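Undergrad: Below you will find the structure I want to go over with you.
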Amino acid sequence: FRRYVSFARRWVYPQLTDESSDALLKGYMDLRNQGSSREVITATPRILESLIRISESLTKMELREEVTAADVAEAIRLLKAATYAAAIDPETGMIDMEQLIVGMGAAKRKRAKELESMLQELVAEKGTEGMLTVDGLKASVNEKLSERKEQLCNDGEFFNALRAVEDAGLIRRQGKQIEVR
1 FRRYVSFARR
11 WVYPQLTDES
21 SDALLKGYMD
31 LRNQGSSREV
41 ITATPRILES
51 LIRISESLTK
61 MELREEVTAA
71 DVAEAIRLLK
81 AATYAAAIDP
91 ETGMIDMEQL
101 IVGMGAAKRK
111 RAKELESMLQ
121 ELVAEKGTEG
131 MLTVDGLKAS
141 VNEKLSERKE
151 QLCNDGEFFN
161 ALRAVEDAGL
171 IRRQGKQIEV
181 R
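When we follow the UniProt record's numbering, the leftmost residue of the sequence shown carries the number 1, and every step to the right adds one.
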């Protein structure tokens, strides 16, 4: 086996054919277009480079000089099975590469921004009353969400949004009390 690998490394340098280049481009564009309507990154140029390397490796493994469309199809299948298994957004079931980069899918990012803006509105409305409590603010947020018939926010979502509003300098939190600035 070692001699086989050594021979392949030394003597086999696969080249992309026009057919395989077209298949690579088509496969990459299909991956890329999966998320275009949802403003989600599904394939990056690095993914294209990976597809090329995997296709060439599959060809080299069979000691062939030219990459075929079948090699490209297998490379795409392997990439989807390996990389994209971790990049599936659990809420939508679609591929979201930012899930790997950021740690949360597009739906969660959108909800976090909505909660943050809702908190900013509530702080602006209720800020004239003086001191607010964390529990009261959370109850107000959940009340607004139930009016919209949306899922109520859990503690993690609420405190992340509250931290973002606090970082923006709109409020100052001291224990359970919130001071509006």
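For every residue, glycine included, the Cβ atom is placed at its ideal position computed from N, Cα and C.
Predicted, not measured: the structure shown is a model, and the values here were computed from it.
Hey, residue 80 and residue 135 are a contact pair by Cβ (cut 8 Å); roughly how many whole angstroms apart?
TA: Not confirmed; about 45 Å, so no contact.
Undergrad: Should residue 19 be labelled buried (16 or more other beta-carbon atoms within 10 Å of its own) or exposed?
TA: By the 10 Å Cβ count, residue 19 comes out exposed.
Undergrad: Can you look up residue 12 in the DSSP assignment and give me helix, strand or coil?
TA: Residue 12: coil per DSSP, three-state reduction.
Undergrad: Give the straight-line distance between the Cα atoms of residue 162 and residue 1, rounded to the nearest whole angstrom.
TA: Approximately 59 Å between the Cα atoms of the pair.
Undergrad: Just grab the DSSP bridge partners of residue 123 for me.
TA: Residue 123 is not bridged to any residue.
Undergrad: Going by C-alpha distance, which of 69, 32, 26, 76 is nearest residue 50?
TA: Among 69, 32, 26, 76, the Cα nearest to that of residue 50 is on 76.
Undergrad: Only counting the same chain, and skipping five residues up and downstream in sequence, which positions put a Cβ closer than 6 Å to that of residue 122?
TA: 140
Undergrad: Taking only the alpha-carbon atoms, compute the straight-line gap between residue 68 and residue 17 and give it to the nearest angstrom.
TA: 7 Å
Undergrad: So the beta strand (DSSP E) residue 62 belongs to, where does it begin and stop?
TA: Taken as a continuous stretch (DSSP letters only), residue 62 belongs to no beta strand (DSSP E), as it is neither H nor E.
Undergrad: Counting only the same chain and skipping the five closest in sequence on each side, list residues whose C-beta sits under 8 Å from that of residue 73.
TA: 23, 27
Undergrad: With a 10 Å radius around its C-beta and 16 neighbouring C-beta atoms as the bar for buried, classify residue 117 as buried or exposed.
TA: Exposed, because fewer than 16 other Cβ atoms sit within 10 Å of the Cβ of residue 117.
Undergrad: Relative to the C-alpha of residue 164, which candidate in 53, 33, 112 has its C-alpha closest?
TA: With distances taken between Cα atoms, residue 164 lies closest to 112.
Undergrad: For residue 48, which residues of its own chain have a beta-carbon under 8 Å away from its beta-carbon, when the five flanking residues on both sides are left out?
TA: Cβ within range, chain order: 24, 28.
Undergrad: Just to confirm, is the Cβ distance from residue 158 to residue 126 under 7 Å?
TA: no
Undergrad: Measure the alpha-carbon distance for residue 11 versus residue 21 and round it to whole angstroms.
TA: Their Cα atoms are separated by approximately 22 Å.
Undergrad: In angstroms, rounded to a whole number, what distance separates the CA positions of residue 82 and residue 5?
TA: 24 Å
Undergrad: Please state whether DSSP places residue 181 in a helix, a strand or coil.
TA: coil
Undergrad: What is the DSSP secondary structure of residue 132, counted as helix, strand or coil?
TA: strand
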